[in-house]
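Novice:
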Amino acid sequence: MIADDLSFTDIGCYGSPNARTPNIDRLASQGVRFAHCYNAIAMCVPTRNMLYTGLFPARTGSYRNHTHSYPGTVSMVHYFDQLGYRVGLSGKVHVGPRASFPFEAVPGLTTETLSATDDYTLDGIKGFMTRDSRQPFFLVTSFIQPHMPWTMGDRTPFDPGKLTLPPHWADTPQTRAAYVRYLAEVSFLDRQVGDVLAAVDDAGLRESTIVIFLSEQGAQFPGAKWTCWDQGLHAGALIRWPGVVKPGSVSRALIQYVDFVPTLLDIVRRQGSRAAPSAEYDLDKLHLDGRSFINVLFGKTDEHGKYAYGIHNNHPEGPAYPIRSVRTKDFSYIRNLLPEERYVIKFMQLDPKQPYYPSWVKAAEQDNPRAAAAIRRNEFRPAEELYDLRNDPWEMNNLANSPEHQTILKELRQALDEWMTQQHDTGAAMDVPLEMAK
């Protein structure tokens, strides 16, 4: 199960003071909650291309939004089909080309991201799960919530004046009104999650089915989606595996989205496949960017990766503004490759339908210090940023020039350089208009 533009801090089990997510929270109590799961790019299309392939964006070719992977890219659909699984997807697709992601289309969830309504049904999902008891299935339920335009869900439980806003936002009535609409849609998503879980139970599949929930990336608010800040790349991740994963546990292992394909293939390999032995995979020979974290699920270790990486190319969402990042559990390092430019993206336009960011601009012009700081943080960024995530989880205090932090700064600089080289990432040259890239 994958959400659409859901900040992990807006989930109850991750400590949200605002959200109402009882079904997602219940799932967390039945499995493991990962405290350090990271996406590598906070945009919908590249995220899904990466998640389904086990490859970082520079290797899939989908390193700008609304772009396909390279022709010939192999995904988990091929891997699991060859292992004898039916592989289906219900809801938002947002990957391509079709030959690289030949999911069976499962009717039920809404496919149109910007739909103002969502008349979903579970009939197709139930049918897919129960169609053939002799053949295992792999089903992706890909929700469109809480992606804008934030039209679904009951807003009445959320009092705008009582919401706790992130400290890096400007506090304006327009911002609070937008946050109410978003939180209502988070609740609508939670209801859908509960309905899908109930369908698994009703089919008698609970004890034999691994359930994964991912929040995808940060919400479409400033400082989250389309950034390499923690609110953009840090994801909520829950896994329920009855009889294996300890219910209600929390893992501090650092995992990335590219780790899910090798982990799931490792599970099938160790648990046995109904396909011929020739279909089993040597994970090393697949040359994936991710690594299996199956031993974390088995409870044998609470360590996995040392670093999590990030990439952002601004086109087609705005003018060129390439960003790269690397983080540990405790520190995040961000490199803005064109710091002399102004960061501009869609939500910053003076759109009367989405007036919250223009309200920040107006408040800043009226000498509101919090609004002015928020505008500076978003639009005018230094060449390097370094944050102590233990003491500064909202990344408000840049330590890149701090003498006491030069050792960790140098370590993360080197780690990022090595990753970019390994990925053949040419940096700013990748952030070009799509028409120029064709």
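Residue numbers for the sequence shown follow our numbering, so the first one is -1 and each next one is one higher. We treat Cβ as the ideally placed atom computed from N, Cα and C, and that holds for glycine. Note that the structure is a prediction, hence the values are computed from the model and not measured.
I need the straight-line Cα distance from H232 to T111, nearest angstrom please.
Specialist: So the alpha carbons of these two residues sit roughly 22 Å apart.
Novice: Could you tell me the alpha carbon to alpha carbon distance between Y118 and G192, rounded to whole angstroms?
Specialist: 13 Å
Novice: What is the C-beta distance between R18 and P155, in whole angstroms, given that I count them as a contact (C-beta under 8 Å)?
Specialist: 6 Å
Novice: Tell me the rounded alpha-carbon separation between D280 and P353.
Specialist: 52 Å
Novice: How should Q215 be labelled, buried or exposed, when 16 other C-beta atoms within 10 angstroms of its C-beta is the threshold for buried?
Specialist: buried
Novice: Check each candidate in F6, I309, S88 and name the one with the smallest Cα separation from Q421.
Specialist: When F6, I309, S88 are compared, the shortest CA-CA separation from Q421 is found for I309.
Novice: With three or more C-beta pairs closer than 8 Å as the rule, is the segment 406 to 418 touching the segment 330 to 337?
Specialist: yes
Novice: Specify, as a first and last residue, the run of the alpha helix (DSSP H) that T173 falls within.
Specialist: 171 to 200
Novice: Per DSSP, C226 is paired with what?
Specialist: C226 is bridged by DSSP to nothing; it lacks a bridge partner.
Novice: In terms of residues, what are the limits of the alpha helix (DSSP H) holding Q80?
Specialist: 74 to 80
Novice: Quick one: Cα of G472 to Cα of Y77, how far?
Specialist: Nothing in the structure corresponds to residue 472, since the chain is present only between -1 and 436.
Novice: Can you find the residues in the same chain that come closer than 7 Å, C-beta to C-beta, to L203, ignoring five residues on each side of it along the sequence?
Specialist: M127
Novice: Alpha carbons only, please: which of Y61, L336, G86, H166 is nearest the one belonging to D390?
Specialist: Of the listed residues, the one whose Cα sits closest to D390 is H166.
Novice: Check whether the Cβ atoms of S357 and P158 sit closer than 9 Å, and answer yes or no.
Specialist: no
Novice: Closest to R189 by CA distance: which of D116, F258, T225, A222 is it?
Specialist: D116
Novice: Can you name the residues that DSSP bridges to H34?
Specialist: Looking at the DSSP output, H34 shares a beta bridge with L252.
Novice: In terms of residue numbering, what span does the alpha helix (DSSP H) encompassing D423 cover?
Specialist: From DSSP, D423 is part of no alpha helix (DSSP H); its letter is neither H nor E.
Novice: Would A168 and N47 be called neighbours here (beta carbons separated by less than 9 Å)?
Specialist: no
Novice: For A274, count neighbouring C-beta atoms within 10 Å of its own C-beta (all shown protein chains included) and say buried if the count is 16 or more, exposed if not.
Specialist: Low confidence applies to A274: its pLDDT is 41, below 50, so where it sits in the model is not reliable, and the reading given next is rough at best. Under this definition A274 is an exposed residue.
Novice: Suppose the cutoff is 6 Å on Cβ atoms and the five residues either side in sequence are ignored; what does the same chain contact list for Q133 look like?
Specialist: Excluding sequence neighbours, Q133 sits near R84.
Novice: Quick one: Cα of H66 to Cα of P260, how far?
Specialist: 22 Å
Novice: CA-CA distance, D440 and L387?
Specialist: A question about residue 440 goes unanswered here, because the residues of the chain that appear run from -1 up to 436.
Novice: Let's test the definition: count the other Cβ atoms within 10 Å of the Cβ of Q143 and tell me whether it reaches 16, buried, or not, exposed.
Specialist: Buried, by the Cβ-count rule.
Novice: Which stretch, first to last residue, makes up the beta strand (DSSP E) that contains A235?
Specialist: 232 to 238
Novice: So, at 7 Å on beta carbons, what are the nonlocal neighbours of H64 in its own chain, with the 5 sequence-adjacent residues on each side left out?
Specialist: Contacts found: V43, P314.
Novice: On a CA-only basis, which of A175, F141, D121, D264 is nearest D200? Give me that one, please.
Specialist: D121
Novice: What does G308 pair with, by DSSP beta-bridge criteria?
Specialist: S323
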